[in-house]
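This report concerns only the one structure given below.
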Amino acid sequence: MTGPVLASLRGVNKSYGEVQVLHDIDLDIHQGEVVVVLGPSGSGKSTLCRCINRLEKINSGTITLDGKPLPAEGRDLARLRADVGMVFQSFNLFAHRSVLENVTLGPIRVRGIPKREAEATARRLLDRVGVADQADKLPAELSGGQQQRVAIARALAMNPKIVLFDEPTSALDPEMVSEVLDVMTSLAAEGTTMVVVTHEMGFARRAAHRVVFMSEGRIAEQGTPEEFFDRTGTARARDFLSKVLQH
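Position one of the sequence shown corresponds to residue 889 (my numbering), numbered consecutively onward.
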């Protein structure tokens, strides 16, 4: 693998009421690794992603980051959220704050970074994702693709150990998808540790170190992109691929 284990899930179960959505999940994520999580709708992919930074509380099992269990609440949880970046499908930018303010708010308030330093880092990151010229605008003045690239810059501004992407292109118009995937591909090439829930098969083939296929709340199969796309062993995965690769 690419590096030591950064995040580890053991026997993780998650239910909403009587509906169990994750069943005995065992998964290690290594430093510098890009793990792409695939599967049909309702298979538990987004819930898995949200459990890793404790946006969802698990019912049983353990999740550790750098060998330490996820904290339950308080300042320790805030520090965890700083170390585990999250990019949502709906952008989740602060509508009344400028692009620059969206990117600097976390580093200033959570990391205690001086404003001038935070702004310099933010402008560098906005340039990195191709929206440096949008720094003074409000999110509503940007396209969906631009907003999602700002959201990626915001996650990176916290200097996280791992970045989670929960279907980051699903809310975008088709012509905007590639601009976001290009940014994510460059992050992967630079060694950013990433867990990506997506339906973008091309990205999975191109950027993933490992593909995790989920079905009915379980990890049904995992392997390299070549193993999954070219030699998948389970009937459920073959059926999934036959449907998604037709589009």
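All C-beta atoms, glycine included, are put in the ideal place defined by N, C-alpha and C.
Exercise. What's the gap between the Cα of His-984 and the Cα of Ser-1058?
Worked result: The straight-line gap separating the alpha-carbon atoms of His-984 and Ser-1058 is approximately 24 angstroms.
For this session: Could you tell me how far apart the beta carbons of Gly-932 and Val-900 are, in whole angstroms, since I believe they sit closer than 8 angstroms?
Result: That pair is no contact at about 10 angstroms.
Problem set entry | Residue environment, Pro-957, which counts as buried when at least 16 other CB atoms sit within 10 Å | Classification for Pro-957: exposed.
Exercise. Looking only at DSSP bridge pairs, what is Val-1083 linked to?
Worked result: Listed as beta-bridge partners of Val-1083 by DSSP are Val-923, Leu-1052.
Exercise. So which of Pro-892, Lys-902, Arg-1042 has the shortest CA-CA distance to Phe-979?
Worked result: Selection Pro-892, Lys-902, Arg-1042 evaluated against Phe-979 yields Arg-1042 as nearest (Cα-Cα).
Exercise. With distances taken from CA atoms, which of Thr-935, Gly-955, Lys-945 is nearest Gln-919?
Worked result: The shortest CA-to-CA distance from Gln-919 to any of Thr-935, Gly-955, Lys-945 is the one to Gly-955.
Exercise. Asn-901 by DSSP, collapsed to three states: which one?
Worked result: It is a strand residue.
Exercise. With C-beta atoms as the reference, is Ala-1108 less than 9 angstroms away from Phe-1101?
Worked result: In contact: Ala-1108 and Phe-1101 (Cβ atoms closer than 9 angstroms).
Problem set entry | N-terminal and C-terminal residue of the beta strand (DSSP E) that Ser-948 is part of | Counting along the chain, the beta strand (DSSP E) containing Ser-948 begins and ends at 948-953.
Exercise. Any idea what DSSP makes of Glu-1088, helix, strand or coil?
Worked result: DSSP places Glu-1088 in coil when its eight states are reduced to three.
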